[in-house]
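Engineer: The opening residue of the sequence shown carries number 695 in our numbering; numbering runs sequentially from there.
All C-beta atoms, glycine included, are put in the ideal place defined by N, C-alpha and C.
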Amino acid sequence: MLVIVFMARLTPKVIGIAGGSGSGKTTFARLITETLGHDKVSLLEQDNYYIDQSHKFDRDGGSVNFDHPEAIDWKLFSEHLQLLKKGEGISRPTYDFSSHKRKKEIVPIEPRPFILLDGILIHVPEIVHMHIDFKIFIQASEEIRFSRRLKRDVTERGRTEEGVRAQYFLQVKPMHDMFVEPSMNIADQVISGEIDFTTIIEAVVKKLT
695 MLVIVFMARL
705 TPKVIGIAGG
715 SGSGKTTFAR
725 LITETLGHDK
735 VSLLEQDNYY
745 IDQSHKFDRD
755 GGSVNFDHPE
765 AIDWKLFSEH
775 LQLLKKGEGI
785 SRPTYDFSSH
795 KRKKEIVPIE
805 PRPFILLDGI
815 LIHVPEIVHM
825 HIDFKIFIQA
835 SEEIRFSRRL
845 KRDVTERGRT
855 EEGVRAQYFL
865 QVKPMHDMFV
875 EPSMNIADQV
885 ISGEIDFTTI
895 IEAVVKKLT
């Protein structure tokens with residue numbers, strides 16, 4: 695069993711986990727959090743920082759491009775990240791995927807020794823990736839990413855299979871090819887999203903501690 699010794703730090707260590715939708719990055723982020731210890735990790739998820747586009751939403755799989763970098767409030771994301779690095783708590787927004795609006799509820803997040811960032815685009819905007827100490831990219835084939843996304847969006851987000859397919863090929867895939875995949879080039883470590891993460895999680899955490 696891995697025993698983790700935490701060194702005193704003036705500022706938290708920021709770990710970024712990116713990769714295509716359905717690559718397995720959120721599962722990997724969860725395993726890192728569990729291995730480091732929930733009391734040692736502050737988690738910022740890109741998905742909670744979507745800009746309200748409900749006024750433009752026409753239909754499931756329609757014209758609103760949720761996979762373009764401009765769909766995310768990176769200014770607020772960066773501000774929150776910097777506050778956590780300074781040792782200050784934040785009030786994180788919560789995004790509702792059914793209404794495409796931010797909920798009224800906020801989630802307080804306290805600074806901890808590790809700040810974990812999870813999202814497909816977090817290695818893209820400079821105002822975010824310039825603050826990341828260790829960048830991880832989870833890579834998986836398009837077939838696997840699409841099948842995982844289809845299952846998730848239909849079962850967990852109440853979407854139609856037709857809408858998921860339309861959105862994937864009109865927006866998700868083009869944005870992946872244009873923004874997400876190229877961001878792998880600045881990653882410190884690339885990990886296959888098609889393997890059992892438990893076989894490598896301890897080795898990765900050792901690099902981070």
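Counting pairs of Cβ atoms below 8 Å between the stretch 844-863 and the stretch 803-818, do you hit three or more?
Structural biologist: Judged by Cβ distances under 8 Å, the stretch 844-863 makes no contact with the stretch 803-818, as fewer than three pairs qualify.
Engineer: Compare the Cα-Cα distances from G716 to each of S886, R843 and M872 and report the closest residue.
Structural biologist: R843
Engineer: Could you tell me whether the stretch 738-749 touches the stretch 857-864, where touching means 3 or more Cβ pairs closer than 8 Å?
Structural biologist: no
Engineer: For P802, which beta-bridge partners are listed by DSSP?
Structural biologist: Within the DSSP bridge table, the entry for P802 names S785 as partners.
Engineer: With DSSP as the reference, label V708 as helix, strand or coil.
Structural biologist: strand
Engineer: Rounding to the nearest angstrom, what Cα-Cα distance links T892 and I830 in this structure?
Structural biologist: 16 Å
Engineer: Bridge partners of L738, per DSSP?
Structural biologist: Beta-bridge pairing links L738 to L811.
Engineer: Consult DSSP for Q833 and reduce its assignment to one of helix, strand or coil.
Structural biologist: Note: Q833 maps to strand in three-state DSSP.
Engineer: What three-state label does DSSP hand K780 in the structure shown?
Structural biologist: coil
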